[in-house]
Amino acid sequence: MRFGLMYLFSEFGSTSQAQAFKDFLAEVELAEELGFDAVWLPEHHFSVYGMLGDTLTLAAAVAQRTKRIRIGTAVVLLPLQHPVRVAEQAALVDVLSEGRLLLGLGRAYQPLEFVGFGMDPAESRDRFDEALTMLLGCFTQERYTHKGRFWSCENVTLYPKPVQRPYPQLYLAAVSPPTIEVAARYGLPILRAPRFTRIDTVEGQWRDYVKAMQAAGRDASALDQPMLMQTYVAETEAAAKRDAEPHATRYHELFQEVLPGAPGAKVSAGYELYDKVRQAHARVTYDDLANWGSAFGTPEQVAERIVTDVRHGGVSHWMAEMKFGGMTHKQAVASMKLFAKEVMPRVRAGLAKAAAE
Numbered sequence: 001m002r003f004g005l006m007y008l009f010s011e012f013g014s015t016s017q018a019q020a021f022k023d024f025l026a027e028v029e030l031a032e033e034l035g036f037d038a039v040w041l042p043e044h045h046f047s048v049y050g051m052l053g054d055t056l057t058l059a060a061a062v063a064q065r066t067k068r069i070r071i072g073t074a075v076v077l078l079p080l081q082h083p084v085r086v087a088e089q090a091a092l093v094d095v096l097s098e099g100r101l102l103l104g105l106g107r108a109y110q111p112l113e114f115v116g117f118g119m120d121p122a123e124s125r126d127r128f129d130e131a132l133t134m135l136l137g138c139f140t141q142e143r144y145t146h147k148g149r150f151w152s153c154e155n156v157t158l159y160p161k162p163v164q165r166p167y168p169q170l171y172l173a174a175v176s177p178p179t180i181e182v183a184a185r186y187g188l189p190i191l192r193a194p195r196f197t198r199i200d201t202v203e204g205q206w207r208d209y210v211k212a213m214q215a216a217g218r219d220a221s222a223l224d225q226p227m228l229m230q231t232y233v234a235e236t237e238a239a240a241k242r243d244a245e246p247h248a249t250r251y252h253e254l255f256q257e258v259l260p261g262a263p264g265a266k267v268s269a270g271y272e273l274y275d276k277v278r279q280a281h282a283r284v285t286y287d288d289l290a291n292w293g294s295a296f297g298t299p300e301q302v303a304e305r306i307v308t309d310v311r312h313g314g315v316s317h318w319m320a321e322m323k324f325g326g327m328t329h330k331q332a333v334a335s336m337k338l339f340a341k342e343v344m345p346r347v348r349a350g351l352a353k354a355a356a357e
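Below, the structure is given as structure tokens:
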């Protein structure tokens with residue numbers, strides 16, 4: 001069982017943007033000391049929902065501030081950039097981190113990002129498929145040439161070579177069934193986030209993935225399987241609600257603003273699910289957040305939630321987003337410390353007990 005931290009860089013409250021990134025680096029150093037296994041970084045553009053547009057540059061900074069913790073991207077948005085550049089940047093981060101990069105990939109879903117880069121969202125799946133083909137070609141072929149619909153390259157040789165060969169561990173963000181099929185085809189683990197699908201779909205999504213992997217002759221259980229959950233731990237349930245509720249509420253407001261179907265954001269073909277998610281989130285209350293990818297409470301409550309999701313949803317890596325919606329550095333650090341001290345041991349003991357039954 002692994003425990004990771006996810007940072008969305010979503011609205012910093014009264015903290016300046018420059019200070020927020022300094023706080024982040026301090027929190028990553030602390031996370032390594034506390035025994036977290038990974039830190040995950042997203043890519044988003046043009047809104048305060050997510051203020052990290054250059055994931056791999058920050059990953060390189062993390063590599064220089066840490067020794068052990070894995071460094072994940074959740075996710076690099078492949079359709080928005082040239083895949084050869086992604087391969088070069090990822091390889092360099094893997095070298096700088098001595099083989100600690102976890103390269104999560106996705107196709108993007110926010111209309112303002114496609115508009116900002118002058119791209120058609122309806123092409124995103126085709127762009128993603130072509131970019132993934134090129135990325136793997138750069139990593140696996142000494143000299144790679146590709147002439148495609150969206151990108152071309154000729155006689156490309158990747159330098160430096162990544163430490164992990166032939167390429168860093170890859171993950172695919174999976175919300176829809178077609179992406180699960182792609183992951184199974186390549187034998188890749190999936191990144192799941194119940195904020196898109198509700199927690200009660202996680203078990204069914206896992207079954208679909210296992211079935212697709214088996215059809216491809218692969219074993220899903222042998223791979224690292226992360227799931228993203230907003231997580232906040234406090235000594236009492238009341239304290240957890242007091243600290244988390246205003247920031248979770250603000251996060252969900254920001255989330256609705258960037259989804260397809262929001263004012264000024266059209267719903268392109270293939271993104272109908274996201275509009276339904278936006279409409280559902282408009283009705284979400286604090287008491288319903290547990291169904292939409294949140295785990296807030298005491299160490300006992302959060303540990304019990306994790307054990308349940310691991311046993312029934314195929315989760316082997318808990319990606320805890322502990323800083324969201326303007327939450328302060330002080331609050332995040334307190335939750336991190338309590339999680340490491342009280343939740344991690346409880347989860348491991350609970351899983352060991354379940355395995356012995």
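Mapping of the sequence shown onto the working numbering: residues 1 to 357, in sequence order.
All C-beta atoms, glycine included, are put in the ideal place defined by N, C-alpha and C.
### Message
Once DSSP output is grouped into helix, strand and coil, what is the label at residue 190?
### Response
Note: residue 190 maps to strand in three-state DSSP.
### Task
Could you tell me if residue 45 is buried or exposed, where buried requires 16 or more neighbouring beta carbons within 10 angstroms of its beta carbon?
buried
### Query
Using a Cβ-Cβ cut-off of 7 Å (strictly less than) and excluding sequence neighbours within five positions of residue 203, which residues of its own chain qualify?
312, 313
#### Entry: Assigned secondary structure, residue 230 (DSSP; H/G/I helix, E/B strand, else coil)
It is a strand residue.
### Distance between beta carbons of residue 1 and residue 40, contact taken as under 8 Å
Residue 40 to residue 1, Cβ: 16 Å. No contact.
### Message
Using 8 Å as the cut-off, can you tell me whether the stretch 251-264 makes contact with the stretch 212-229, which would need three or more C-beta pairs spanning the two stretches below that distance?
### Response
no
### Message
Considering only their Cβ atoms, is the gap separating residue 89 from residue 66 smaller than 9 Å?
### Response
no
### Task
Going by CA-CA distance only, name the one from 328, 181, 274 that's closest to residue 358.
For residue 358 there is no data in the structure shown, the boundaries of the chain being 1 and 357.
#### Entry: residue 266 classed as buried or exposed, judged by whether at least 16 other C-beta atoms fall within 10 angstroms
exposed
### Task
Scan the stretch 85-145 and note each continuous beta strand (DSSP E) run of 3 residues or more that stays entirely inside, going in chain order.
101-106
### Query
For the 8 Å Cβ check, are there 3 or more pairs between the stretch 329-336 and the stretch 288-305?
At 8 Å Cβ cutoff, the stretches do not touch.
### Task
Rounded to whole angstroms, what's the CA-CA distance from residue 16 to residue 262? Just pull it up for me.
27 Å
### Message
Please return the same chain residues whose Cβ sits closer than 6 Å to the Cβ of residue 268, not counting the five positions on each side in sequence.
### Response
121, 122
#### Entry: When 147, 169, 77 are compared against residue 360, the one with the closest alpha-carbon
This structure leaves residue 360 out entirely; the chain is present only between 1 and 357.
### Task
Given a cut-off of 9 Å, decide if residue 331 and residue 382 are closer than it, judged by their beta-carbon atoms.
This structure does not reach residue 382, given that the chain is present from 1 up to 357, and the question cannot be answered.
### Task
Give the secondary structure of residue 296 by DSSP, where H, G and I count as helix, E and B as strand, and everything else as coil.
Secondary structure at residue 296: strand, using DSSP grouped into helix, strand and coil.
#### Entry: For residue 213, the first and last residue of its enclosing beta strand (DSSP E)
It is not in any beta strand (DSSP E) - residue 213 instead sits in the alpha helix (DSSP H) that spans 202-215.
#### Entry: Helix, strand or coil at residue 152 according to DSSP, with G and I counted as helix
strand
### Message
Taking the beta carbon of residue 194 as the centre, do at least 16 other beta carbons fall within 10 Å, making it buried, or is it exposed?
### Response
buried
### First and last residue of the uninterrupted alpha helix (DSSP H) at residue 336
It spans 329-338 - the alpha helix (DSSP H) in which residue 336 sits, taken as one unbroken run.
### Query
What separation, rounded to the nearest whole angstrom, lies between the Cα atoms of residue 186 and residue 166?
14 Å
### Query
For residue 100, which residues of its own chain have a beta-carbon under 6 Å away from its beta-carbon, when the five flanking residues on both sides are left out?
Taken in chain order, the residues that qualify are 70, 71.
### Task
Helix, strand or coil for residue 326, going by three-state DSSP, please let me know.
coil
#### Entry: Burial state of residue 274, where buried means 16 or more other Cβ atoms lie within 10 Å
Looking at its Cβ environment, which holds 16 or more other Cβ atoms inside 10 Å, residue 274 is buried.
### Message
Using DSSP's beta-bridge definition, name the partner residues of residue 306.
### Response
Within the DSSP secondary-structure output, residue 306 pairs in no beta bridge.
### Query
Looking only at C-alpha atoms, which of 315, 64, 354, 84 sits nearest to residue 146?
84
### Message
Just list the residues that DSSP pairs residue 73 with in beta bridges.
### Response
41, 103
### Query
Buried or exposed: residue 4, going by 16 or more other Cβ atoms within 10 Å of its Cβ?
buried
### Message
Using 9 Å as the threshold, is the C-beta distance between residue 317 and residue 59 below it?
### Response
no
### Task
Using 10 angstroms around the beta-carbon of residue 309, count the other beta-carbons present and answer buried if the total reaches 16, otherwise exposed.
buried
### Proximity to residue 143 [Cα-Cα], best of 134, 149, 150
Comparing Cα positions, the closest option is 134.
### Query
In three-state DSSP terms, what is residue 173?
strand
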